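Shown next, in structure tokens, is the structure this report addresses.
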Amino acid sequence: MVFIIFIVSFVVSFAGFPIIIPRLKRAGIVGKNMNSESKEEIPEMGGMVIVAGFGAGIVFAIFLRTFFDLFLSVSLTSILAVLSTVLIVVIIGVFDDLISMRQWIKAIMPVFAALPLVALKEGYSMMRIPFVGMIDFGIFYPLVLVPLGITGAANAANML
Numbered sequence: 004m005v006f007i008i009f010i011v012s013f014v015v016s017f018a019g020f021p022i023i024i025p026r027l028k029r030a031g032i033v034g035k036n037m038n039s040e041s042k043e044e045i046p047e048m049g050g051m052v053i054v055a056g057f058g059a060g061i062v063f064a065i066f067l068r069t070f071f072d073l074f075l076s077v078s079l080t081s082i083l084a085v086l087s088t089v090l091i092v093v094i095i096g097v098f099d100d101l102i103s104m105r106q107w108i109k110a111i112m113p114v115f116a117a118l119p120l121v122a123l124k125e126g127y128s129m130m131r132i133p134f135v136g137m138i139d140f141g142i143f144y145p146l147v148l149v150p151l152g153i154t155g156a157a158n159a160a161n162m163l
């Protein structure tokens, strides 16, 4: 069943690129490709198509859970918290692309995206660290490690 969710996400993303990329170019939402020698202009908000695919997969998973009693081990609250976190990161990215935020603001803003996960205290505070063993991070996990992980992942994706 997870494979079907993957297919839904893939199809939405794959079908969305040919639709959104020309529109972004026409709207002038482009930047120089710093990873190539030609420095050609490429659309800057193409990642929104990937997020649309992710969102479609999440909504489809919720549909399957609600109407067919599949994925009962995952709570809807957790699913929606993850979706909220991703959407907040996307909104930050859109603002950055449209109004050019300062570097330090861009680096710190994803901390706020982690708030839905922090509020639910999602995840497990026990972690196995290689060569050390099991460590219980307790309250440090949701209050520090989750925001740090979300911020690191969002900033790493922004640098791509």
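Residues in the sequence shown are numbered consecutively from 4, following this note's numbering.
Where is the CB? At the ideal position from N, CA and C, for every residue including glycine.
Only a predicted model underlies this, so the values are computations on that prediction, with no experimental measurement involved.
**Message:** Which of the three DSSP states is assigned to VAL85 in this structure?
**Reply:** helix
**Prompt:** So, helix, strand or coil for LYS35, using DSSP?
**Reply:** strand
**Asked** Which value, in whole angstroms, describes the spacing of the CA atoms of ALA84 and SER76?
**Response** 16 Å
**Request:** Work out the CA separation of GLY49 and ALA110 for me, nearest whole Å.
**Result:** 20 Å
**Asked** Would ALA159 be called buried (16 or more neighbouring beta carbons within 10 Å of its own) or exposed?
**Response** exposed
**Message:** Within a Cβ cutoff of 7 Å, which residues of the same chain sit near PHE57, ignoring the five residues on either side of it in sequence?
**Reply:** SER12 and VAL89
**Own chain residues within Cβ distance below 7 Å of VAL92, not counting five before or after** = PRO113, ALA116 and ALA157
**Prompt:** What's the C-alpha gap between VAL121 and MET130?
**Reply:** 17 Å
**Asked** Looking at VAL33 and the ligand SAH, is the gap between the Cβ and the nearest heavy atom below 7 Å?
**Response** Questions concerning the ligand SAH fall outside what the structure shown contains, since it holds no ligand whatsoever.
**Message:** Could you compute how far the alpha carbon of ILE94 sits from the alpha carbon of LEU123?
**Reply:** 21 Å
**Prompt:** Under 8 Å between the Cβ atoms of GLY96 and VAL52?
**Reply:** no
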